[in-house]
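What follows is a single structure, written as structure tokens, with notes after it.
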Amino acid sequence: MRVQWNRNSKLSYTPQFLTLDNTPWFPLMGEIHYSRVSNGRWEEELYKMKAGGIELVSAYTIWIHHEEVEGEWDFSGDRDLRKFLQTIKNCGLHCILRIGPWAHGEVRNGGFPDWIYTSGIKLRDNNEEYLYYVYRWYKAIYDNVKDYLFENNGNIIMIQFENELTAKPEHILKLREIAEEIGLTAPIYTATGW
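Now the structure itself:
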């Protein structure tokens, strides 16, 4: 059964389940990587997911797909994150936005652009040089998603940092701090790891 909710709804969690308006909620989630699918197929694929019972769409923002050359951002065509989020919203779904910076996702360099991967900068670390680039990346994401944040009546209900990094909780906390400073907010933040 699909739940009804709006920006006044309270999304939270317990150790066992998510809650929506203080009621246990067990949504089904599916994954789609928008930058790997033709934007002309997004709506069809999302409706297929919805027909299968999916309520939440998990999506990586893959850095290498948006900044192949340092300082040259591309959020157009199949990389149009704003259009993808609007399509999710039009389909009546919500999003868990996975902002990395490291995504894995079976992408070269874990999604890091070649220019930073080969730079000699210590990646996935709290050093100033790396965090400078993380800030830029998160700011580029924010500029494309701000209208879709839950607090703005949008459909982004969760933000995931990093991927499969369990040994550096201080780094995950730093990523959250940067995201919040920029304005990348959501009712729930998450990180994955085995």
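Residue numbers (the working numbering): -5 to 188.
For glycine and all other residues, C-beta sits at the position ideal for the given N, C-alpha and C.
Beta-carbon contacts of residue i that lie in its chain and below 7 angstroms, excluding the five residues immediately before and after
i      : result
Val101 : Ile56, Ile58
Tyr124 : Ile115, Lys116, Leu117
Asp141 : Gly148
Collapsed DSSP secondary structure at residue i in the structure displayed
i      : result
Trp96  : coil
Trp109 : helix
Phe11  : coil
Pro163 : helix
Leu79  : helix
Ile58  : helix
Phe155 : strand
Glu171 : helix
Ile86  : First, the amino acid is wrong: residue 86 is Gly here, not Ile. Coil, per DSSP.
Ser29  : helix
Ser71  : Looking at the sequence shown, residue 71 is not Ser but Gly. If DSSP states are grouped into helix, strand and coil, Gly71 belongs with the helices.
Tyr66  : For clarity, residue 66 is Glu in the given sequence; the question names Tyr instead. In the structure shown, Glu66 sits in a strand (DSSP, three-state: E or B).
Ile176 : helix
With 16 other Cβ atoms within 10 Å as the buried cut-off, status of residue i
i      : result
Phe78  : buried
Glu145 : exposed
Own chain partners of residue i with C-beta closer than 6 angstroms, once the 5 adjacent residues on each side are dropped
i      : result
Leu243 : Absent from the structure is residue 243, since the part of the chain shown begins at -5 and ends at 188.
Ser52  : Met23, Glu25, Ile90
Limits of the alpha helix (DSSP H) - the one that residue i falls within
i      : result
Glu39  : 36 to 45
Ala134 : 122 to 139
8 angstroms Cβ shell around residue i - same chain, five flanking residues per side excluded
i       : result
Thr184  : Ile90, Met152, Ile153, Gln154, Phe155
Met(-5) : Because Met(-5) carries a pLDDT of 46, less than 50, the predicted location of this residue cannot be relied on, and the following value inherits that uncertainty. Once the five neighbours on either side are set aside, Met(-5) has no close Cβ partner at all.
Ala97   : Tyr54, Thr55, Ile56, Trp57, Gly104, Gly105, Asn157
Val31   : Glu39, Asp72
Extent of the continuous beta strand (DSSP E) run through residue i
i      : result
Leu117 : Neither: Leu117 is in no beta strand (DSSP E) and is coded neither H nor E.
Thr184 : 182 to 185
Pro18  : 17 to 19
Q.
Below 8 angstroms, how does it come out for the stretch 75 to 92 and the stretch 21 to 39: are there three or more Cβ pairs, yes or no?
A. yes
Q. Do the stretch 90 to 100 and the stretch 136 to 156 touch if we need at least three Cβ pairs shorter than 8 angstroms?
A. yes
(Q) With three or more C-beta pairs closer than 8 angstroms as the rule, is the stretch 4 to 11 touching the stretch 32 to 48? (A) no
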